[in-house]
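Protein chains in written order, with this note's numbering: chain A, 168 to 322; chain B, 3 to 410. No residue lacks a Cβ here, since even glycine has one placed at the ideal position from N, Cα and C.
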């Protein structure tokens, strides 16, 4: 089979059945393809919940690591949340916005140990909380959150 | 004349010693109690990282295992009841002429780890040290060496989730002493994971690091858990501040052991005992709200830390990000509830002041709030002033109570 055709078929199959895509990680600001393309890292199982204004894809991986991605109706990941015994790979999760996050951390007046930290920079909000063995957090792009959805729903 | 006065001063002690001797002559001679009290200082921090806010520090002696001479006393190690294990900055150990031997796995790879602290990660090898605090000591304790000199392998890509905070200036301390309610820093999640978590790594001599599972005994471990005695918990005892709006320094004590000596009993009455879960948390609700949050008592956090969108965060000055109430001091409260058998319920009232009214350049503040956006409730350093905080370590009994628990 032609390689391009195979790729298209794969995207079609995986794209219509998220449960097939068991190795998934998406990036903030990425699209549905990025949810499926970025694999292997977490070795997780994905479950999708369609809501009226957005979809939630929740990935559950080893040792109760959880990552959820929120896709708006334009198909863009507008938020990611995480919880688990360690912090997931934020470089992958934040995608193109990781540089903004890194810059904001480097510019902190008081770096060092924080059990909770809120970064608001260049249209990106990152909220980090937790301690060894129990971390949680979320990152979202306020401009892409569907209208009328309270940020408290991003959990 | 002088000899006479010395004798006069010593006489009561000599008489007392004679009494003790007399008592002991009937049975075996009891060994003297181990000195179990270490000084805690709250001040502006090490010279390389001035301006610390509500940081409690201790001095920890570390030696190359088995050695009496290759030792160094590391000052300004952050006292942290919210983590587990000792971590020391490599350049500080180098200055003390101490090189701790790195721990290797069964394949001979160097074990390194990537630990998240909100402001960034510490990265560096697991090494073994003999650790001494006051009269207490533990041999061959797995500790983390924070590799600020980049002497070892570079951190793998999936560790750098923000910024590295390995050096004294970035970390705000020469190290951190994690003496919370649990024994190991990762626990079972890093022992049996089908896909090893991005926490412990095995690194080749060429510097290639791959995540791997690590047995509990090789994980970075709360040194108190490994003490020969007084290994069931600690008491942090800090006085009330003289000026709630800012003291330049505070001195208190870290007492090792619970109900093991005359100076560390768990009071039979009046004690609030909060059992913790396997992550080291109890629960709390804030200001009458219904959201049940994970909560802990954490000397590693400089403020009361919780999310309250109705209190604005400071946008300028040296307390950016902390709470700046519109009408200070703002009175609030939270209700703690223990988990499991020790399920006490305890309401604590506290106040959040405007940090812009604090004494400039002071180090200790009583009514500092922060934590906007956090899903957890953290009783940070302000909660410690004027209280004895009891930390009971998991698997260990303290009188009739078994850890993990917090009490006050």
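What whole-angstrom Cβ distance do residue i and residue j have, given they're in contact under 8 Å?
i	j	result
residue 375/B	residue 309/B	6 Å
residue 341/B	residue 284/B	5 Å
residue 272/A	residue 196/A	The Cβ separation is near 19 Å, so there is no contact.
residue 275/A	residue 121/B	6 Å
residue 259/B	residue 240/B	No, residue 259/B and residue 240/B are not in contact; Cβ-Cβ is about 18 Å, not under 8 Å.
residue 268/A	residue 240/A	Contact doesn't hold; Cβ gap of about 26 Å is too wide.
residue 356/B	residue 314/B	About 10 Å separates the two Cβ atoms, so there is no contact after all.
residue 181/B	residue 82/B	7 Å
Run through DSSP, which three-state label would residue i get?
i	result
residue 268/A	helix
residue 97/B	helix
residue 170/B	helix
residue 190/B	helix
residue 227/B	helix
residue 358/B	helix
residue 75/B	strand
residue 90/B	strand
residue 148/B	strand
residue 321/B	helix
residue 230/A	helix
residue 309/A	helix
residue 106/B	strand
residue 285/A	strand
residue 343/B	coil
residue 234/B	coil
residue 352/B	strand
residue 412/B	The question about residue 412/B has no answer, for chain B in this structure spans 3 to 410.
Considering only residues of the same chain and omitting the five flanking positions on each side of residue i, which have a CB-CB separation below 6 Å?
i	result
residue 27/B	In this prediction, residue 27/B scores a pLDDT of 44, lower than 50, which makes its location untrustworthy; no coordinate-derived value is stated.
residue 132/B	65, 67, 141
residue 263/A	196
residue 339/B	285, 347
residue 303/A	250, 296, 297
residue 378/B	295, 296
residue 322/B	316
residue 281/B	none
Within the same chain, show all residues whose beta-carbon is closer than 8 Å to that of residue i, passing over the 5 residues directly before and after it, in chain order.
i	result
residue 359/B	247, 330
residue 220/B	105, 107, 113, 128, 144
residue 252/A	230, 231, 232, 300, 301, 302
Alpha carbon to alpha carbon, how far is residue j from residue i? Give it in angstroms, no decimals.
i	j	result
residue 190/A	residue 173/B	Residue placement at residue 190/A is poorly supported in this model, since its pLDDT is 34, which falls under 50; the coordinates are not used for a value here.
residue 385/B	residue 47/B	20 Å
residue 123/A	residue 217/A	Only positions 168 to 322 of chain A appear in the structure, and residue 123/A is not among them; the question remains open.
residue 381/B	residue 278/A	20 Å
residue 297/A	residue 269/B	30 Å
residue 192/A	residue 260/A	Residue placement at residue 192/A cannot be trusted, given a pLDDT of 45 that sits under 50; what the coordinates show is reported in the next sentence. Looking at the two C-alpha atoms, the distance is approximately 7 Å.
residue 390/B	residue 223/B	24 Å
residue 333/B	residue 353/B	4 Å
residue 227/B	residue 394/B	10 Å
residue 178/B	residue 299/A	13 Å
residue 305/B	residue 283/A	11 Å
residue 86/B	residue 314/A	43 Å
residue 41/B	residue 62/B	10 Å
residue 295/A	residue 285/A	6 Å
residue 236/A	residue 224/A	5 Å
residue 321/A	residue 227/A	17 Å
residue 276/B	residue 183/B	11 Å
residue 200/B	residue 237/B	33 Å
residue 280/A	residue 31/B	47 Å
residue 212/A	residue 270/A	32 Å
residue 250/B	residue 362/B	9 Å
residue 2/B	residue 317/A	This structure gives no information on residue 2/B, because the portion of chain B shown stretches from 3 to 410.
I'd like the list of long-range same chain contacts for residue i, defined as Cβ closer than 7 Å, with 5 residues on each side in sequence excluded.
i	result
residue 198/A	242, 243
residue 310/A	290
residue 119/B	167
Can residue i be considered in contact with the ligand ADP, in the sense that its beta carbon sits closer than 7 Å to one or more heavy atoms?
i	result
residue 285/A	Absent from the structure shown: the ligand ADP. Ligands present: none.
Stretch-stretch touch, CB-based, cutoff 8 Å, three pairs: the region 39 to 56 of chain B with the region 187 to 203 of chain B: Here the region 39 to 56 of chain B makes no contact with the region 187 to 203 of chain B; the two share fewer than three CB pairs at distances below 8 Å.
Given 8 Å, three or more beta-carbon pairs between the region 392 to 403 of chain B and the region 67 to 77 of chain B: Contact between the region 392 to 403 of chain B and the region 67 to 77 of chain B is absent: fewer than three C-beta pairs spanning the two stretches fall below 8 Å.
contact_flag[the region 101 to 114 of chain B, the region 35 to 46 of chain B] where n(CB pairs < 8 Å) is 3 or more: Between the region 101 to 114 of chain B and the region 35 to 46 of chain B there are fewer than three C-beta pairs closer than 8 Å, too few to call the two in contact.
Touch test, the region 158 to 170 of chain B against the region 62 to 69 of chain B, Cβ-Cβ under 8 Å, three pairs minimum: Here the region 158 to 170 of chain B does not lie against the region 62 to 69 of chain B, with fewer than 3 beta-carbon pairs under 8 Å apart.
Three CB pairs or more closer than 8 Å across the region 83 to 93 of chain B and the region 149 to 157 of chain B: Because the criterion of three Cβ pairs below 8 Å is met, the region 83 to 93 of chain B and the region 149 to 157 of chain B touch.
Touching by the beta-carbon criterion (3+ pairs, under 8 Å), the region 207 to 217 of chain B and the region 131 to 139 of chain B: Output reads no: the region 131 to 139 of chain B does not touch the region 207 to 217 of chain B.
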